[in-house]
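Here is the structure we will look at, set down as structure tokens.
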DNA sequence: AATATCACAAGACTGAGTCTCATTCTTGGT
DNA sequence: ACCAAGAATGAGACTCAGTCTTGTGATATT
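Residue numbers (the working numbering), protein chains in the order written: chain A, 27 to 176; chain B, 27 to 176.
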């Protein structure tokens, strides 16, 4: 890795972006960021609150939501609407991390997937549609291997 | 139109499916069905409750949710997750009515759209994915013509 | 170190959605 | 028509994710 082209971790990028946006540092935000960084899949706000309370550093509910809002506004985290009552959040990785989600309606399992053809279809579509498309998060519903019984 | 091949309205189909599923008739359900039939785009449960209270036939909150659940289970209505805090519902039309939604994150406008290439991409995708895909509802976010300022 | 400002915690509050249960309506059988 | 069984409904209590308020503590700048 060269000096200025090195691969930055998500935490490092998050700290840099937050600082550039004029935010001071704080323990609650740090705790939320570290938890999000340690997870590979999307968490709900309540899951985050519970995990932190059980863990080393409790963080109040208001702080969890505030931090998630800040991170979302800076495109550091992304909402995932799984249709499961609670919104989920996951960190946004820059390089090739673009993926969508499969949700099993029976057991609630959430799985990531990605597909080139789908991306192309959406890119083209975006040009024809009366909306400047900013983000897309596709969620497909169905039943997973263990729930093939409906 | 022939005698048995005639085009059935959504209301007629709904009544038939409900009856076949062993449901008796009732005023609340009828009112919800008529409202959904009169709408071209998706409504939230609260919008439905309000519209009915203001209209001819008030329907209690419990009934609105109960009826929507029943209709969804029978695939007569479809949920639309717009990421706007409240789930929306719209009737499911059989012939070619398959469409998705654009949501303006600034003003909350919800617009329908459909796209053949997108459908094809999803159909192909469904075969490669570890999930028996039952439904898909794509929601694209962005800003509409009137909100081009972010 | 003083100060101004941001970050935070605690908990009251809001409101969408659920649950319960008593009452009313439908419908099939008589 | 009448009646009984069971479905449909209404009213409101209840749950709980998410918001808002306020007082306190942390942080950076001078």
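C-beta atoms are modelled at their ideal positions from N, C-alpha and C, and glycine is treated no differently.
Partner residues on chain B for residue i, Cβ-Cβ distance less than 8 Å
| i | result |
| --- | --- |
| residue 156 (chain A) | 128, 137, 170, 171 |
Limits of the alpha helix (DSSP H) - the one that residue i falls within
| i | result |
| --- | --- |
| residue 89 (chain B) | 87–99 |
| residue 45 (chain A) | 36–46 |
| residue 168 (chain B) | Here residue 168 (chain B) belongs to no alpha helix (DSSP H); instead the beta strand (DSSP E) covers 165–170. |
| residue 142 (chain B) | 142–154 |
| residue 58 (chain B) | 53–64 |
| residue 33 (chain A) | First-last for residue 33 (chain A): undefined, no H or E at that position. |
| residue 75 (chain B) | 71–80 |
Where residue i meets chain B, residues with beta-carbon distance less than 9 Å
| i | result |
| --- | --- |
| residue 109 (chain A) | 105, 107, 113, 163 |
Member of the options whose CA lies at the smallest distance from the CA of residue i
| i | options | result |
| --- | --- | --- |
| residue 108 (chain A) | B:78, B:163, B:153 | B:163 |
| residue 90 (chain B) | B:120, B:52, B:67 | B:52 |
| residue 88 (chain B) | B:66, B:58, B:38, B:173 | B:58 |
| residue 165 (chain B) | B:112, B:97, B:119, B:106 | B:106 |
| residue 152 (chain A) | B:55, B:170, B:113, B:48 | B:170 |
| residue 142 (chain A) | A:167, A:125, A:132 | A:125 |
| residue 47 (chain B) | B:82, B:155, B:98, B:159 | B:98 |
| residue 168 (chain A) | A:160, A:128, A:139 | A:128 |
| residue 158 (chain A) | B:174, B:95, B:79 | B:174 |
| residue 72 (chain B) | B:110, B:121, B:40 | B:110 |
| residue 134 (chain A) | A:49, A:43, A:144, A:69 | A:69 |
| residue 136 (chain B) | B:113, B:37, B:85 | B:113 |
| residue 102 (chain A) | A:120, A:92, A:86, A:85 | A:120 |
| residue 60 (chain B) | B:49, B:149, B:78 | B:78 |
| residue 82 (chain A) | A:104, A:54, A:95 | A:54 |
| residue 104 (chain A) | A:140, A:161, A:42, A:41 | A:161 |
| residue 130 (chain A) | B:155, B:115, B:139 | B:155 |
| residue 65 (chain B) | B:116, B:37, B:76, B:96 | B:116 |
| residue 3 (chain A) | A:139, A:95, A:150, A:132 | Residue 3 (chain A) lies beyond the range of chain A shown here (27 to 176); nothing can be said about it. |
| residue 95 (chain B) | B:138, B:84, B:44, B:76 | B:44 |
| residue 93 (chain B) | B:67, B:49, B:76 | B:49 |
| residue 138 (chain B) | B:67, B:39, B:36 | B:67 |
| residue 150 (chain A) | B:80, B:140, B:149 | B:140 |
Contact list for residue i against chain B, beta-carbon separation under 7 Å
| i | result |
| --- | --- |
| residue 174 (chain A) | 158 |
Under 9 Å from the C-beta of residue i: neighbouring residues of chain A
| i | result |
| --- | --- |
| residue 167 (chain B) | 157, 159, 160, 161, 162, 163 |
First through last residue of the beta strand (DSSP E) which encompasses residue i
| i | result |
| --- | --- |
| residue 157 (chain A) | 157–162 |
| residue 182 (chain B) | A query on residue 182 (chain B) cannot be resolved here, the shown segment of chain B reaching from 27 to 176 and no further. |
| residue 114 (chain A) | 114–117 |
| residue 128 (chain B) | 126–130 |
beta-carbon residue i near the ligand SAM non-hydrogen atom, thresh 7 Å
| i | result |
| --- | --- |
| residue 48 (chain A) | With respect to the ligand SAM, the structure offers nothing, as it holds no ligand at all. |
Can you list, in chain order, the residues of the region 139–152 of chain A whose Cβ is nearer than 8 Å to any Cβ on chain B? 139, 141, 143, 144, 146, 147, 148, 150, 151, 152
Could you name the residues of the region 62–91 of chain A whose beta carbon sits closer than 7 Å to any beta carbon of chain B, in the order they occur along the chain? none
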